[in-house]
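Residue numbers (my numbering): 425 to 896.
Note that CB positions come from ideal geometry on N, CA and C, so glycine has one too.
Everything on this sheet refers to the single structure shown next.
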């Protein structure tokens, strides 16, 4: 039975440590050390072995933990079982669809969001221990710990509000109603303003943190937004729109739309790099397998580079504090690319858990450990096949990954006839086998359609998309 409220997982000592950490109002941490969380302005501390890069792995239901000083995977933190085992059964004990990540400004705690099980979990970044779990409203998407360290704010995308949980009292204390389908919450540098984007509404909501009131609603022309980020100088809010393939830039000072950029299909997450050479925004474009780099200034942002990724569907993105590296989650390659920001090229690719979505870089002042970590989701086969189709102007892919004896087939396509059903087949030689049917949305897109079958063991070599009822 699911219980509303916090579930103590780490025991009294871990919970007491979390309560003791509450009240941190700035990046200064214990022992008088300082740490600046990225994205940061020039002059922040270099990459450290104390730091961690995390990915939220939706199919393996894990969080992958990476040491950025060595690009070494320390292991995965299992929050649930891999698809399909334990996920489709009659009793739901663990977390399902681990998707979102946030953290405290002192780097001591990570917030992990599981969309389908409606869970927010707080992880001690030194010990990898889950110190608290709370169940919130339908389909939470992303969460961040408030700048004062006392609360976790979560966008409840299946509904229309931001949930505020008091970490000292172990309870949800308030719901701030927003537009339909809030997707993410991020805070201004001074912690007095929160920005909320929405996948279900073309709107950016601005919340006054002290009063908990929505003080402004910025209309957007590019449709729903899945992710957003605030620039390290606090001057801009960038929003990615996967459905329309655009990125909106909002001036945070007067809340006007500064630009709408045509970034490309499945535009995912924005983030920022600041160097003595200039201020830049980096945007992952999942449908093109690239990261686009824009120079920021007083005018319209200018595209200065397009960086191919080593794999498919770049999703989450975060820079190092010193702005020398950018880390990109490759959703359909189960890996993270490390990009040198000076050369603007991939210098390393790190295998991670299955289906990585969000990615964050968390700067820390103390050493951590690999305690409590596993190899769940690591080292499994994954391969992406281009969709074979005679449908005019259509394109897409099918990513196949092994999940506990079955293979997960993840199909995405665009350029289809809107609101039309299509069949997807696997082929080996002259033999075809139907895998699934899926219907395109109003834009002619199938964002994601899943099937589970024995794909690799049957030796299939191609995936075909045809209008429903036709044979390939």
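As a beta-bridge residue in DSSP terms, residue 476 pairs with 786. In the displayed model, residue 726 falls within a strand according to three-state DSSP.
In this chain, residue 463 is not harboured by any beta strand (DSSP E), its DSSP state being neither H nor E. Nearest neighbour of residue 529 by Cα position, chosen from 614, 735, 710, 504, turns out to be 614. For residue 553, the number of other beta carbons within 10 angstroms of its own is at least 16, and it is reported as buried. When C-alpha distances from residue 495 are compared across 476, 486, 480, the shortest belongs to 476. Take the alpha-carbon of residue 754 and the one of residue 632: they are about 35 Å apart. With respect to residue 820, residue 835 sits close: the two C-beta atoms are nearer than 8 Å. DSSP, reduced to helix, strand and coil, places residue 712 outside both helices and strands of the structure shown, so it counts as coil.
With fewer than 16 other beta carbons inside 10 angstroms of its own, residue 728 counts as exposed. If you draw a straight line from the Cα of residue 712 to the Cα of residue 688, it comes to about 7 Å.
Considering only 876, 886, 875, 726, the residue with the shortest C-alpha distance to residue 673 is 726. The beta carbon of residue 876 sits closer than 8 Å to the beta carbons of 507, 508, 827, 830, 831, 832, 833 from its chain, once the five residues preceding and following it are set aside; these are given in chain order. Distance between residue 714 and residue 708, taken at the CA atoms: about 6 Å. Residue 621 and residue 663 do touch by the CB rule: their CB atoms are close to 5 Å apart, below 8 Å. Less than 8 Å separates the beta-carbon of residue 589 from that of residue 544. In the three-state reduction of the DSSP assignment, residue 776 falls in the coil class, being assigned neither a helical nor a strand state. Between residue 874 and residue 483, the alpha-carbon positions lie close to 11 Å from each other. DSSP places residue 524 within a strand segment (E or B) once states are collapsed to three. Under the three-state reduction of DSSP output, residue 809 falls in the strand class.
Under the three-state reduction of DSSP output, residue 893 falls in the coil class, being neither helix nor strand.
The Cβ atoms of residue 580 and residue 609 lie no closer than 8 Å to each other. As summarised for the segment 674-710, the continuous beta strand (DSSP E) elements at least 3 residues long and confined to that stretch are 680-686, 691-699, 702-709, given in chain order. Where residue 832 is concerned, the enclosing beta strand (DSSP E) starts and stops at 830-838.
Beta bridge pairing from DSSP links residue 718 with 705, 727. For residue 517, the number of other beta carbons within 10 angstroms of its own is below 16, and it is reported as exposed. The three-state reading of DSSP puts residue 548 in strand, counting E and B together. The bridge partners DSSP lists for residue 502 are 486. Counting only runs of 3 or more residues that sit fully inside the segment 725-762, the beta strand (DSSP E) segments are 726-732, 738-743, 749-754, in chain order. The Cβ neighbour count for residue 677, taken over all protein chains shown within 10 Å, is under 16; the residue is labelled exposed.
Using a Cβ distance threshold of 8 Å, residue 744 and residue 474 do not count as a contacting pair. In its chain, beyond the 5 residues on either side, 824 have a beta carbon closer than 6 Å to the beta carbon of residue 807. A straight-line Cα-Cα distance of about 17 Å links residue 736 and residue 742.
Residue 578 sits buried, since 16 or more C-beta atoms from the chains shown fall within 10 Å of its C-beta. As the crow flies, the alpha-carbon of residue 704 is around 5 Å from that of residue 697.
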